[in-house]
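S.K.: Mind looking over this structure? Questions follow.
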Amino acid sequence: MDNNSDQRELTVHIWRSEASASDDDLQPDGAWQTWEVPVRNSQTVLDVVTWIQRHRDPDLSYRYACRVGMCGTCAMTVQGKPRWTCRTRIGTVVDGNELTIAPLRNLPIIKDLATDMAPFFDKWAEAGAQFVPDRNVDQQTMAPVKPDSRARRTADVAIECIGCAVCYAACDTVAWRADYLGPAALNRVWTLVNDEREASPKEHLKAVAGESGCLSCHSHQSCAELCPKHLNPTASIAGLKRKSFLLALAGRS
110 MDNNSDQREL
120 TVHIWRSEAS
130 ASDDDLQPDG
140 AWQTWEVPVR
150 NSQTVLDVVT
160 WIQRHRDPDL
170 SYRYACRVGM
180 CGTCAMTVQG
190 KPRWTCRTRI
200 GTVVDGNELT
210 IAPLRNLPII
220 KDLATDMAPF
230 FDKWAEAGAQ
240 FVPDRNVDQQ
250 TMAPVKPDSR
260 ARRTADVAIE
270 CIGCAVCYAA
280 CDTVAWRADY
290 LGPAALNRVW
300 TLVNDEREAS
310 PKEHLKAVAG
320 ESGCLSCHSH
330 QSCAELCPKH
340 LNPTASIAGL
350 KRKSFLLALA
360 GRS
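For reference, each letter of the sequence shown is one residue, going 110 to 362 in our numbering.
Here it is as structure tokens:
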């Protein structure tokens, strides 16, 4: 954190709670706790949380790693919206003198601002969101996809997801439908369906064509609006709907 202070203080409200009793207990009993934090130049929300943990309450629990916007580990709910705290400067989100920070929505709480990511990644597994190479291709000379090819451009559109769960926390459908696979898992399946090296694109489509998959997306665009990588999971899900429909129409579902 920059040591140059302009002597102002920021009123920071942080949600404190113990662990969720179960994966279904997404809002365990807790309370807001408030601190006054010195305002610094170029201060990020992660800087604020770290200052509180180091100077006011060492028991405050949160998660971070890279601090430079590469891992997504530090995602929290800031002023009501999920964001990467390491890349969110307080000057861009604070209107007045108050800042609210809470854990990501739609995930069980471990403690305070730290959430359990297991349900999020379990959805990836349920969606079959892993690459399956074509066994007919020599594994020593995996089929190349040229950088300037249409196939590469199609697959690359949504491939930069790093699994930060911002879209999952923002998704209204995830909030009301517990079995919904979520934007990130479906976005990943879209990249696989469009990868010409993938052995089973039709099987991937079948895995996400049900009510817990792409059909449940209502296209609210919250995931696209808040994705820190500027991806558009809504468009990916629309593509899955389209391809699933064509597959069913052809009688091969």
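By construction, the Cβ of each residue, glycine as well, lies at the ideal position given by its N, Cα and C atoms.
How do the region 235 to 245 and the region 204 to 214 stand: do at least 3 beta-carbon pairs fall below 8 Å, yes or no?
M.R.: Flag = no, the region 235 to 245 and the region 204 to 214 do not touch.
S.K.: Could you tell me if Leu349 is buried or exposed, where buried requires 16 or more neighbouring beta carbons within 10 angstroms of its beta carbon?
M.R.: Here residue 349 corresponds to residue number 240 of the sequence shown, with the count starting at 1. Buried, because 16 or more other Cβ atoms sit within 10 Å of the Cβ of Leu349.
S.K.: So what does DSSP say about Gly139, is it helix, strand or coil?
M.R.: For the purposes of this step, residue 139 is taken as residue 30 along the sequence shown, with counting starting at 1. Looking at Gly139 - three-state DSSP - the assignment turns out to be strand.
S.K.: Quick one: which unbroken beta strand (DSSP E) runs of 3-plus residues sit fully inside the region 209 to 288? Chain order, please.
M.R.: List check, beta strand (DSSP E) in window: 218 to 220.
S.K.: When you compare only the Cα positions, how much space is there between Val302 and Lys311?
M.R.: Along the sequence shown, one-based indexing puts residue 302 at 193. Along the sequence shown, one-based indexing puts residue 311 at 202. Taking the straight line from one Cα to the other gives about 8 Å.
S.K.: List the DSSP bridge partners of His122.
M.R.: For this step, residue 122 is matched to residue 13 along the sequence shown. Paired residue(s): Thr143, Thr209.
S.K.: Looking at C-beta atoms only, is the number of pairs between the region 269 to 281 and the region 167 to 184 that lie closer than 8 Å three or more?
M.R.: These segments touch.
S.K.: Does the separation of the CB atoms of Pro228 and Ala128 fall below 9 Å?
M.R.: In the sequence shown, counting from the first residue as 1, residue 228 sits at position 119. In the sequence shown, counting from the first residue as 1, residue 128 sits at position 19. No; because the gap between Cβ atoms is not below 9 Å, this pair is not in contact.
S.K.: Entirely within the region 141 to 190 and at least 3 residues each: give me those beta strand (DSSP E) ranges in chain order.
M.R.: Taking only runs of at least 3 residues, the beta strand (DSSP E) segments lying wholly in the region 141 to 190 are 184 to 187.
S.K.: Between the region 318 to 333 and the region 253 to 271, can you find at least three pairs of beta-carbon atoms closer than 8 Å?
M.R.: No: the two stretches stay apart, fewer than three of their Cβ pairs being nearer than 8 Å.
S.K.: Can you round the beta-carbon distance between Val254 and Arg306 to whole angstroms, since I take them to be within the 8 Å contact cut?
M.R.: As a working mapping, residue 254 is identified with position 145 in the sequence shown. As a working mapping, residue 306 is identified with position 197 in the sequence shown. So it is a contact: roughly 7 Å between Cβ atoms.
S.K.: Could you tell me whether the region 162 to 176 touches the region 199 to 207, where touching means 3 or more Cβ pairs closer than 8 Å?
M.R.: Judged by Cβ distances under 8 Å, the region 162 to 176 makes no contact with the region 199 to 207, as fewer than three pairs qualify.
S.K.: Taking the C-alpha atoms as reference points, what is the distance between Thr194 and Ala318?
M.R.: Start at 1 with the first residue of the sequence shown, and residue 194 comes out as number 85. Start at 1 with the first residue of the sequence shown, and residue 318 comes out as number 209. Straight-line Cα distance between these residues: approximately 34 Å.
S.K.: Are there 16 or more other CB atoms within 10 angstroms of the CB of Cys175, so buried, or fewer, so exposed?
M.R.: Looking up residue 175 in the sequence shown gives position 66. With fewer than 16 Cβ atoms within 10 Å of its Cβ, Cys175 is classed as exposed.
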